[in-house]
Amino acid sequence: MSEAATLTPEVTWAQRSSSSDPTKNHVFLTIVASDVPEKDLKLDLQPTKLSFKGTSTSKKVTYAVDLEFFAEVDPDESKIINTGRDIELVLRKKELKEEYWPRLLKDSKKMHFLKTDFDKWVDEDEQDEQPDDEDYMSKMNPMGGAGGDGGFGGIDFSKLGAAQGAGGLGDLGDLGGEEGGESSDDEDDDMPELENEEDKPAGEASEKPKIEEVS
Numbered sequence: 002m003s004e005a006a007t008l009t010p011e012v013t014w015a016q017r018s019s020s021s022d023p024t025k026n027h028v029f030l031t032i033v034a035s036d037v038p039e040k041d042l043k044l045d046l047q048p049t050k051l052s053f054k055g056t057s058t059s060k061k062v063t064y065a066v067d068l069e070f071f072a073e074v075d076p077d078e079s080k081i082i083n084t085g086r087d088i089e090l091v092l093r094k095k096e097l098k099e100e101y102w103p104r105l106l107k108d109s110k111k112m113h114f115l116k117t118d119f120d121k122w123v124d125e126d127e128q129d130e131q132p133d134d135e136d137y138m139s140k141m142n143p144m145g146g147a148g149g150d151g152g153f154g155g156i157d158f159s160k161l162g163a164a165q166g167a168g169g170l171g172d173l174g175d176l177g178g179e180e181g182g183e184s185s186d187d188e189d190d191d192m193p194e195l196e197n198e199e200d201k202p203a204g205e206a207s208e209k210p211k212i213e214e215v216s
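Read in order, the letters of the sequence shown correspond to residues 2 to 216 in my numbering.
Here is the structure:
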């Protein structure tokens, strides 16, 4: 039986920032990899990088990506959930700062698989006008304190999923602690400048056709 092909998954992101409130100082990160069971998934989050690898049972492919962040995050205060369609994370930024990160990755090179998550994106100067993110994050599993090793190696996310009562969301279990090593050029993802991304319309509503009255 041949091994599954290895692909780089689409990764989307958005962010919030605060110089005083840690709970409003984070990165939304989504790895689009559907139907990845816990036995075929490994995720290692460190303060400066994330390594992900998982095999999709429906698409028969293995997804793998390594991300080296623009700045440090706090793994113990980050959250995760496996929705079955993708892996969603909220990464707590380590440094409290009013300004947004200029990009997600340390490398400034644009990466084809990295995109802005316009469903979550808010302009830096409009953050206070947006609804709180607590409701969204309350449905996620806390990453800190479950493994006891400071990183994500050895954390049993299947137990976190059971504790959350998230039936049908797919469990993230037996996450391996192995690091993916340094990111390759293909796997280091970089965001375009925020100003350019913000100008893109999220989608335009189509007009309803006029109904002609027939006599």
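Glycine included, C-beta positions come from ideal geometry on N, C-alpha and C. Note that the coordinates shown come from a computational prediction; the quantities given were computed from them, not determined experimentally.
Discussion item. Tell me the DSSP secondary structure of residue 41 in three-state form.
Written reply: Translated into positions along the sequence shown, residue 41 becomes position 40. Residue state, collapsed to three classes: helix.
Discussion item. Taking the straight line between their C-alpha atoms, what separation do you get for residue 73 and residue 63?
Written reply: As a working mapping, residue 73 is identified with position 72 in the sequence shown. As a working mapping, residue 63 is identified with position 62 in the sequence shown. For residue 73 and residue 63, the distance between alpha carbons rounds to 27 Å.
Practice prompt. Could you give the DSSP three-state label for residue 75: helix, strand or coil?
Written response: Here residue 75 refers to the residue found at position 74 when the sequence shown is read from its first residue. Note: residue 75 maps to strand in three-state DSSP.
Discussion item. For a test of the three-state rule: what should DSSP assign to residue 125, helix, strand or coil?
Written reply: Your numbering for residue 125 matches position 124 in the sequence shown. DSSP places residue 125 in helix when its eight states are reduced to three.
Worksheet item: Would residue 121 pass as a contact of residue 15 if the rule is Cβ separation under 7 Å?
Response: Within the sequence shown, numbered from 1, the residue matching residue 121 stands at position 120. Within the sequence shown, numbered from 1, the residue matching residue 15 stands at position 14. Contact: yes.
Discussion item. In this structure, how does DSSP classify residue 100 when only helix, strand and coil are distinguished?
Written reply: Taking the sequence shown and counting its residues from 1, the one referred to as residue 100 is at position 99. Of the three classes helix, strand and coil, the one that applies to residue 100 here is coil, per DSSP.
Discussion item. Measuring CB atoms only, is the stretch 45–62 touching the stretch 111–127, in the sense that at least three cross pairs come out at less than 8 Å?
Written reply: no
Worksheet item: Do you know how far the Cα of residue 116 is from the Cα of residue 31?
Response: Here residue 31 corresponds to residue number 30 of the sequence shown, with the count starting at 1. Here residue 116 corresponds to residue number 115 of the sequence shown, with the count starting at 1. Taking the straight line joining both Cα atoms gives about 10 Å.
Worksheet entry | For residue 91 and residue 80, the rounded distance between their alpha carbons | As a first step, residue 80 is located in the sequence shown; it is residue number 79 there, counting from the start. As a first step, residue 91 is located in the sequence shown; it is residue number 90 there, counting from the start. About 5 Å.
Discussion item. Only counting the same chain, and skipping five residues up and downstream in sequence, which positions put a Cβ closer than 6 Å to that of residue 125?
Written reply: For the purposes of this step, residue 125 is taken as residue 124 along the sequence shown, with counting starting at 1. So the list reads 101, once near-sequence residues are dropped.
Worksheet entry | Residue from 127, 37 and 96 with nearest C-alpha to residue 70 | Here the question's residue 70 lines up with position 69 in the sequence shown. Of the candidates 127, 37 and 96, the one whose C-alpha sits nearest the C-alpha of residue 70 is 96.
Item to complete: Sort out for me which residues DSSP pairs residue 47 with in a bridge.
Response: On the sequence shown, residue 47 is found 46 positions in, with the first residue counted as 1. According to DSSP, which records beta bridges pairwise, residue 47 is partnered with nothing at all.
Worksheet entry | Opposing strand residues paired with residue 27 [DSSP bridges] | Reading the sequence shown from its first residue, position 26 is the one you call residue 27. Per DSSP, 93.
Practice prompt. Give the straight-line distance between the Cα atoms of residue 87 and residue 21, rounded to the nearest whole angstrom.
Written response: The residue labelled residue 87 in the question sits at position 86 within the sequence shown. The residue labelled residue 21 in the question sits at position 20 within the sequence shown. So the alpha carbons of these two residues sit roughly 31 Å apart.
Worksheet item: Can you tell me whether residue 76 is buried or exposed, with buried defined as 16 or more other CB within 10 angstroms of its CB?
Response: Start at 1 with the first residue of the sequence shown, and residue 76 comes out as number 75. Counting Cβ neighbours within 10 Å, residue 76 comes out buried, since at least 16 surround it.
Worksheet item: Below 7 Å between beta carbons: does that hold for residue 13 and residue 66?
Response: For the purposes of this step, residue 13 is taken as the residue at position 12 of the sequence shown. For the purposes of this step, residue 66 is taken as the residue at position 65 of the sequence shown. Contact flag unset, no.
Discussion item. On the CB-based measure, 16 or more other CB atoms within 10 Å of its CB, does residue 78 come out buried or exposed?
Written reply: Along the sequence shown, one-based indexing puts residue 78 at 77. The residue is buried, with at least 16 neighbouring Cβ atoms inside 10 Å.
Worksheet entry | Member of 129, 143, 85 and 103 whose CA lies at the smallest distance from the CA of residue 39 | Position 38 of the sequence shown, counted from the first residue, corresponds to residue 39. Nearest C-alpha to residue 39: 85.
Worksheet item: So residue 1 and residue 94 are in contact, right, with Cβ under 8 Å, and what is the actual spacing, rounded?
Response: In the structure displayed, the chain extends from 2 to 216; residue 1 sits before or after that span and is not available.
Practice prompt. Over the uninterrupted beta strand (DSSP E) stretch that includes residue 107, give me the two end residues.
Written response: Taking the first residue of the sequence shown as 1, we reach residue 107 at position 106. Residue 107 -> no beta strand (DSSP E), and no H or E assigned at all.
Worksheet item: Closest by CA to residue 28, which one among 99, 17 and 127?
Response: Taking the first residue of the sequence shown as 1, we reach residue 28 at position 27. Nearest option by C-alpha distance: 17.
Worksheet entry | When 37, 68 and 128 are compared against residue 104, the one with the closest alpha-carbon | Stepping through the sequence shown from its first residue, residue 104 is reached at position 103. Nearest of 37, 68 and 128 to residue 104, Cα basis: 68.
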